[in-house]
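Novice: Taking the numbering used here, the leading residue of the sequence shown gets 1038, the next gets one more, and so forth. Ideal placement from N, C-alpha and C gives every residue a C-beta, glycine not left out.
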Amino acid sequence: MTTPQFTHRVLLVEDDIRLANLIVDYLKSHDMHVEVERRGDTVLTRLISYKPDIILLDIMLPGLDGLSLCEKLPDYFSGPILLMSALGSNEDQIKGLELGADDYIVKPVDPALLVARMNNLLRRQAQPNKPESHCLNFGKLSIDPHTQAIRLGNTEVDLTSHEFELLWLLASQAGQILSRQYIYQYLLNIDFDGKDRKIDVRISRLRKKLGDSIETPFRIKTVWGQGYLFAPEAWNN
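#1: Could you compute how far the alpha carbon of Gly1264 sits from the alpha carbon of Ile1240?
#2: Skipping 5 residues on each side, what residues in its chain have a beta carbon closer than 6 angstroms to that of Met1038?
#3: Glu1251 by DSSP, collapsed to three states: which one?
#4: Name the two residues that bound the continuous beta strand (DSSP E) containing Tyr1141.
#5: With DSSP run on the structure shown, which of helix, strand or coil describes Asp1053?
#6: If I'm right that Val1047 touches Leu1064 with Cβ under 8 angstroms, what's the distance once you round it to whole angstroms?
#7: Beta carbon of Leu1049, beta carbon of Leu1104: below 9 angstroms?
#8: Between which two residues does the alpha helix (DSSP H) holding Ala1208 run?
#9: I'd like the span of the alpha helix (DSSP H) that includes Ser1086, first residue to last.
#10: State the DSSP-derived secondary structure class of Ala1123, mapped to helix, strand or coil.
#11: Do the segment 1132–1145 and the segment 1235–1249 make contact, defined as three or more Cβ pairs closer than 8 angstroms?
#12: Could you check if Ser1066 is buried or exposed, using at least 16 other CB atoms within 10 Å of its CB as the buried criterion?
#13: Just curious, the beta strand (DSSP E) that Leu1266 is in, first and last residue?
#14: Counting Cβ pairs, one atom from each stretch, are 3 or more of them under 8 angstroms apart for the segment 1109–1129 and the segment 1179–1188?
Here it is in structure tokens:
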């Protein structure tokens, strides 16, 4: 008997058995290997034995809710995280993205849309943006593309891979205004629809980690109606 060839390994974290079964059946029909975890507080242990390419994560879970788990996962898992929830307000989606999710889909889940979102995340993961080989230095800020190490003065700054990609894109074109459309095309390979907040959320996280002002940013500036600008002269203090 021929062993099935799976394209991707998926960890589905969902306590609704009926929904989980529907998603599993659909993903398997697309040649994906799926394992299901029904509690949030057992996911990190499951990751010791099962190495998924992507995690589909419900928010309302017993044991540990999905948002709290999403905050912990980057220490244990480097792949994309897709949140699924009936909580569909902009505030809920922004919070999920701020805590580290790569995408957010609102229930009821359309299986075809779910697979399309998953494949988009997996393509980005498989084809990372490769920065130039030399380090960038701006005053007290140093960016090393080889190790993705960031230093601000004597302090090491811990960034996720997505945050590093965005910082490198901005810093490598310091002093230039980069439109949201350009950033979305370069980093996500999609058009900016005027509503999506993924990049805005990552900019906000970068500002916090790099000591920029949230109210009046001077290091990574918002140029209203145009985009974002990395200010090369703003890193001396």
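Specialist: Put simply:
#1: 11 angstroms
#2: Unreliable placement is indicated for Met1038, whose pLDDT of 46 sits below 50; no coordinate value is reported for it.
#3: At residue 1251 the sequence reads Ile, which differs from the Glu that was named. Looking at Ile1251 - three-state DSSP - the assignment turns out to be coil, as it is neither helix nor strand.
#4: Asp1140 to Val1143
#5: coil
#6: 6 angstroms
#7: no
#8: Ser1198 to Ala1208
#9: Val1080 to Ser1086
#10: coil
#11: yes
#12: exposed
#13: Gly1264 to Phe1267
#14: no
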